[in-house]
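Student: Each step along the sequence shown adds one to the number in UniProt numbering, with nothing skipped, and position 275 is 275.
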Amino acid sequence: MDYLIEGLVLNNARACVTDLLLELQDGRTHPLKVLVSRKGRIQEMVRLPVGVRTLRLSQGDGELFAVVRLAARRLGAAEHKLRQFWRASQALLRQPAENRTRTGLTLKAVLFDLDHAYDIACRLRANVRTGQYCDWYHEFYGLAADDRPLMAAMAANWSHPPVFHIVLLRKGDSMQADIDTTSASLQAQIYPHFQVKVEEGAFAAAPTPSGEQTQGIWQVTVRAGVRLAEQALFCLAEAIVKTPGAALVYADHDQLDPDGRLHSPVFKPDWSPEMLRATNYIGEAFACNAQYTARLAGLAASSRHALLLELGALDLPVLHVAAPLWHVPDSAPATGTSEIVRAHLQRLGVVADVVDAGAGRCRVRYTLPSARPLVSIVIPTRDGLHHLRRCIDSLIGRTAYAFYEILVIDNQSMEPQTLAYLGQIRQLPNVRVLPFDRAFNYSSINNMAVGHAQGELVCLLNNDTEVISPDWLDEMVGQISRSDIGVVGAKLLYGDGRVQHAGDTVGPGGCANHLHVGIGRDDPGYAGRALVAQDLSAVTAACLLTRKSLYQALGGLEEKRLPVAFNDVDYCLRVREAGLRVVWTPHALLYHHESATRGKDETPAQLRRAKSEIRYMRKRWRREMLHDPFYNPNLNYLQADFSLSSTPSVCCPWRGAHVASVHRRTG
């Protein structure tokens with residue numbers, strides 16, 4: 001018998017697949033897989049056996065949630081088919097062409113094989129992966145019989161195919177089996193234009209040819225034990241052919257266990273110079289243009305990290321192939337040290353203090369300008385005295401940076417205690433209270449305040465924040481003192497110490513969402529990213545530092561179309577559109593009690609406004625939402641949790657789509 005299972009659960013942090021447990025009359029328990037959406041909704045059609053007594057949800061897959069509602073309703077044949085058709089047809093309309101082709105979701109299937117089309121639509125809708133990574137890899141990156149001749153034919157048509165000079169590194173303790181593994185993977189490469197030289201040592205850049213011989217030569221260093229995917233050199237070459245003047249091309253990687261099984265993929269962001277200073281996030285999966293390594297005159301020969309830093313500083317395109325092309329042994333060493341970064345910054349003339357942070361990470365403290373810039377801290381508020389008082393007290397009592405003013409924007413506070421407190425802080429020498437006597441419009445409030453700001457820098461700050469690290473403003477001012485940085489964001493914690501904001505991603509989750517939500521304060525997060533400064537698409541205005549001149553030149557926050565939500569993300573994207581960078585730092589640390597003053601969107605008017613803001617963002621930033629350069633298309637785009645996507649939005653180039661992203665310098 002066909003039933004519709006409907007339910008609602010609370011406390012799930014992400015979409016997940018869990019077991020619906022059917023307790024039968026004879027005492028047996030029968031499990032069925034159901035999807036719990038990111039919003040906690042369950043709506044699945046299932047076929048229940050005879051004799052079901054009760055239904056309950058398993059707390060499996062690491063999820064702990066409270067069941068608000070769970071019910072089953074029997075479906076008639078007509079409603080069952082109609083619901084199948086609706087879900088399958090919606091998937092046919094909304095899924096990218098490559099997903100439809102790969103899964104076999106066609107109009108013919110919807111019309112003539114509805115059960116099969118419905119099953120495909122359910123899998124695409126879930127986008128939750130429950131199997132092993134090695135199965136995922138072979139599904140999406142395993143080669144079919146006709147892939148190899150297609151790649152060979154493409155490469156044969158390139159007029160200037162790049163040639164890879166590969167150094168296979170063996171150390172004194174390298175096992176012959178490791179050398180054989182790497183050699184075999186090189187011999188199996190589909191792309192034919194490469195040569196291999198075996199050398200001893202921990203790292204050695206391939207010898208750089210002199211003079212005109214560097215044209216078209218790309219250098220690769222491979223450690224014994226690393227296995228390259230068959231298509232690895234082809235994918236790198238295809239990216240290079242499209243952008244031959246690039247300095248560097250890198251790929252994603254995963255790990256090999258002792259039995260040769262793949263696990264623990266590292267799907268990297270596109271080019272992030274700030275992240276590379278904090279850690280060698282690129283690792284060993286890269287090739288460099290011999291034309292440019294010849295310029296380095298030995299400066300970068302000491303380590304991969306040094307080489308990458310020097311190449312990245314050449315103001316040339318950097319390519320990222322979003323595919324796991326390097327399979328690295330579990331014993332891969334942590335790379336990146338403060339000495340390497342310190343020497344690199346000294347050569348660039350960047351004054352900074354660099355300290356080790358452990359596990360191949362370091363922190364760069366950029367030296368503040370000798371003439372300290374004044375920071376205008378803008379805090380909108382409406383009543384909520386306990387939040388505002390805590391925020392102001394923490395600013396005044398804990399902030400080490402002395403050159404700031406506080407602008408409290410009073411948006412129609414009415415509580416006597418709040419009004420009395422505002423009267424008190426008006427007497428402080430570096431605090432001003434400005435009225436905003438109109439309906440709440442976050443963008444308008446901040447735009448008005450910035451017009452009154454006396455500082456060279458403006459910090460947008462929520463009234464429900466609380467300073468944790470005394471050097472939070474020193475850190476942010478140091479970051480933005482560099483001319484190519486337009487916005488700096490902070491790391492925000494919930495009151496219980498879990499992460500509330502570690503930067504924003506644009507696209508995953510439907511519009512824009514915070515990264516690493518809910519992890520512990522010192523948890524490294526995905527690939528260690530929650531503990532290192534990095535370039536991102538956006539950060540929250542709950543704590544956002546920018547230049548007043550830039551803010552006003554770009555028109556401030558969007559007042560008309562984004563009065564409440566996403567105005568900070570829109571501003572960050574416009575900053576990036578103007579050729580400047582957005583940087584998030586974990587070293588500026590504050591608490592944030594999210595939306596404590598404004599509250600949730602609950603009324604019909606609020607819900608209409610929220611939907612309108614999302615529509616505007618999706619239209620204005622459609623291209624950016626399809627590909628956030630600081631996420632990865634192999635990761636889940638239904639929720640910003642760094643989980644594997646069951647429908648990755650990358651296809652291999654010989655199948656008609658391009659997997660490489662290009663970063664070109666803009667200033």
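The beta carbon of each residue, even a glycine, is placed where N, CA and C say it ideally should be.
1) When we look at the beta-carbon of R574 and count the other beta-carbons within 10 Å, is it buried (16 or more) or exposed?
2) If you follow the alpha helix (DSSP H) that V450 is part of, which residue opens it and which one closes it?
3) If you run the structure through DSSP and keep just helix, strand and coil, what is Y366?
4) H320 to Y281, Cα distance in whole Å?
5) Grouping DSSP H, G and I as helix and E and B as strand, with all else coil, what is E339?
6) For D252, which beta-bridge partners are listed by DSSP?
7) Could you check what DSSP says for L517 in three-state terms: helix, strand or coil?
8) May I ask which residues mark the beginning and end of the beta strand (DSSP E) holding M45?
9) Between the Cα of residue 688 and those of L348, G40, P49 and R620, spot the shortest distance and give me the residue it belongs to.
10) Going by the CB atoms, is the gap between E466 and K548 shorter than 8 Å?
11) Near P648, which residues of its chain fall below 7 Å by C-beta distance, leaving aside the five closest residues on each side in sequence?
12) On a CA-only basis, which of C543, A588 and K619 is nearest L562? Give me that one, please.
13) Helix, strand or coil, according to DSSP, for G397 in the structure here?
14) L143 and Q84 - do their beta-carbons sit closer together than 8 Å?
15) If you draw a straight line from the C-alpha of F286 to the C-alpha of E624, how long is it?
16) In this structure, does DSSP put S612 in helix, strand or coil?
17) Thinking C-beta only, is Q255 closer than 8 Å to V328?
18) What residues in its chain sit with their C-beta under 6 Å from that of L4, if we drop five residues either side in the sequence?
19) Go to I282, then tell me how far its alpha helix (DSSP H) extends in each direction, as first and last residue.
20) Using C-beta distances below 7 Å, list every residue in its chain close to H116, excluding the 5 sequence neighbours before and after it, in chain order.
21) Between L388 and V378, what straight-line distance do the alpha-carbon atoms span, to the nearest angstrom?
22) Compare the Cα-Cα distances from Y616 to each of K560, S185 and P653 and report the closest residue.
23) Going by the beta-carbon positions, is the gap between V241 and I166 smaller than 8 Å?
24) Per DSSP, V582 forms a beta bridge with which residues?
25) Rounded to whole angstroms, what is the Cα-Cα separation between A188 and G579?
26) On the three-state DSSP scale, how would you describe D147?
27) State the beta-bridge partners of Y3 as determined by DSSP.
28) If H593 and G495 are in contact, beta carbons under 8 Å, what's the gap, nearest whole angstrom?
29) Tell me the rounded alpha-carbon separation between A439 and R382.
30) If you reduce the DSSP assignment to three classes, tell me which class D180 lands in.
31) Please go through the same chain and pick out, in chain order, the residues whose beta-carbon is closer than 7 Å to the beta-carbon of L368, but skip the five residues on each side of it.
32) Would you mind stating whether C543 and L492 have Cβ atoms separated by less than 8 Å?
33) Please name the residue in G384, I190, S272 and S303 whose C-alpha comes closest to that of T585.
34) DSSP state of K197, grouped into three classes?
35) So what's I409 in DSSP terms, helix, strand or just coil?
36) Quick check on the DSSP output: the beta strand (DSSP E) that includes T293 runs from which residue to which?
Tutor: Quick look at the numbers:
1) R574 is buried by the Cβ-count criterion.
2) Note, V450: alpha helix (DSSP H), Y442 to H452.
3) Y366 falls in the strand class under three-state DSSP.
4) In this model, H320 and Y281 are separated by some 12 Å (Cα to Cα).
5) In the three-state DSSP reduction, E339 falls in the helix class (H, G or I).
6) In the DSSP assignment, the residues bridged to D252 are P324.
7) With the sequence shown as reference, residue 517 is identified as Val, and Leu is not the correct amino acid for it. Three-state result, V517: coil.
8) R41 to R47
9) One cannot answer for residue 688 here, as it falls past the ends of the chain, which runs 1 to 667.
10) With respect to E466, K548 sits apart: the two C-beta atoms are not nearer than 8 Å.
11) F140, P633 and N634
12) K619
13) In this structure, G397 counts as helix in the three-state DSSP scheme.
14) Q84 places its beta carbon 8 Å or farther from that of L143.
15) 25 Å
16) S612: helix per DSSP, three-state reduction.
17) yes
18) M45, R73 and L75
19) Run containing I282: none; DSSP gives neither H nor E here.
20) A109
21) 12 Å
22) K560
23) Taking 8 Å as the Cβ cut-off, V241 and I166 do not qualify as a contacting pair.
24) V487
25) 42 Å
26) helix
27) V46 and R74, per the DSSP bridge assignment.
28) 6 Å
29) 11 Å
30) helix
31) D474, V477, G478 and S481
32) yes
33) The candidate whose alpha carbon is nearest that of T585 is S272.
34) strand
35) strand
36) Per DSSP, T293 belongs to no beta strand (DSSP E); it is in the alpha helix (DSSP H), A290 to T293.
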